[in-house]
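What follows is one structure encoded as structure tokens, with my remarks underneath.
Number of protein chains: 2
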Amino acid sequence: MSDGGPKPTSIEHVNLDVLENTLSFYIRTMNIAVSRDLDARLDGLDVARGTGKITTLLLVDSHPGIRPSVIAQIIMKDRSAMGRLIDQMIDHDLLVRQTSARERRAHELFVTAKGAELAAKIRPIVTKQSNDFFSFIVEEEQAQLMDILRRAYRKMVGMK
Amino acid sequence: MSDGGPKPTSIEHVNLDVLENTLSFYIRTMNIAVSRDLDARLDGLDVARGTGKITTLLLVDSHPGIRPSVIAQIIMKDRSAMGRLIDQMIDHDLLVRQTSARERRAHELFVTAKGAELAAKIRPIVTKQSNDFFSFIVEEEQAQLMDILRRAYRKMVGMK
DNA sequence: GGCAAATAGTGGACAAATGCAACTATTATT
DNA sequence: AATAATAGTTGCATTTGTCCACTATTTGCC
């Protein structure tokens, strides 16, 4: 029960309450915006939508034989979600899966020709999207942001 | 088509390809982690899950009469998603909605007693969650991060 | 050797969120 | 008066995420 004050009809008159000082708010909100933008740029490329397909494709491409569970850790999904993601990408003929010789419960993933092609295609797109999207932040601050987030991320997933 | 090299079986042997230098990757990944953690802390509080409920509740609480479309801008949802969010919160008896007197196509939102109570309850939780979650980042860098993200966010939503 | 626990992956069910497009009502423009 | 813009609603199709139980394989322990 606050005031009977002005009913804000524009974003200018609004303050964000405690969220103003809450990192998680900004991370979550920026995520929405950056993900939407990225999806738009990847439209039609059967790697759009949702987090994980891009990382999975690039990771498999540059680490042939990598296991699903390793990727799952990197993109923070549980094994079941990871499995479905891979199924999907196999359906789209981007990856193949085979059981490991010396660890018969594990799988090894490889890109198909089509997958390799797509990986090569999206690499510059993904990089450019990020650069473009964050271009309204001055470069020095972009670098700071990247540095902090990279270390934070690595610590979080236990990448030493 | 890369090597025939070591098949990475642990996250230690993996590099992130171009994502290593891609801000959007870190934002998207941190988002998953921070959102999961936040959901866990809000478990049972019918404001958990998904982005928007928390912001909506706090915003309506501190800006009585605020319009759905204004909140939608702030949390970057389209009107339809916003509407459904509000329906849900009305069902849970957190908000009430009435049409504006002088703008009969617009709505004004208010918290119920239960909504106000919940707002008061989650404010400290949300703050603490963010602090706790990011506590592995040294304070000075947290401040930098916040400063950059806040300005980035404000610019992005056109908050001047 | 043999049993129990840990690890890798699969499959199903269920609950949500997301995005798109079409539709109503109201207000602003010209 | 006609047209366009704004606020919100509704339906639909697509995804996503989560939880849990289940199989197969490997590892550790006694």
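Protein chains in written order, with the UniProt record's numbering: chain P, 1 to 160; chain H, 1 to 160.
We put the CB at the ideal spot given by N, CA and C, even for glycine.
Please read all numbers here as calculations on a predicted model, not as lab measurements.
| query | result |
| --- | --- |
| Straight-line gap, G65/P to S135/H (C-alpha atoms, nearest Å) | 36 Å |
| Assigned secondary structure, V60/H (DSSP; H/G/I helix, E/B strand, else coil) | helix |
| Buried/exposed call for R123/H, threshold 16 Cβ in 10 Å | buried |
| Cα-Cα separation, H107/P to A40/P | 32 Å |
| Sequence-distant residues of the same chain with beta carbon closer than 6 Å to L109/P, five excluded per side | V60, I66, L95 and R97 |
| Buried versus exposed call for S10/H [16 or more other C-beta atoms within 10 Å across all chains shown] | exposed |
| Segment contact, 8 Å Cβ cut-off, at least three pairs: the segment 27–40 of chain P with the segment 22–39 of chain H | yes |
| Heavy atom of the ligand HEM within 7 Å of L16/H beta-carbon | Ligands in the displayed structure: none, and consequently the ligand HEM is not present. |
| Residue(s) in a DSSP beta bridge with H107/P | T99/P |
| Contacting residues, own chain, Cβ-Cβ under 7 Å from A48/P (five flanking each side not counted) | D39 and L42 |
| Spatial distance of G44/P from M89/P (CA atoms) | 14 Å |
| Per-residue DSSP class, three states only, for T51/H | coil |
| Host alpha helix (DSSP H) of R151/P (start-end) | E139 to V157 |
| Assigned secondary structure, M30/P (DSSP; H/G/I helix, E/B strand, else coil) | helix |
| Validate contact between the segment 143–158 of chain P and the segment 132–151 of chain H using beta carbons, cut 8 Å, 3 pairs | yes |
| C-beta atoms of Q129/P and I148/H nearer than 8 Å | no |
| Beta carbon proximity, S10/H to chain P, threshold 8 Å | yes |
| Neighbourhood of T51/P by C-beta distance below 7 Å, restricted to the same chain and skipping five residues each side | I75 |
| Nearest neighbour of S62/H, chosen from L19/P, R151/P, D87/P and A81/P [CA to CA] | L19/P |
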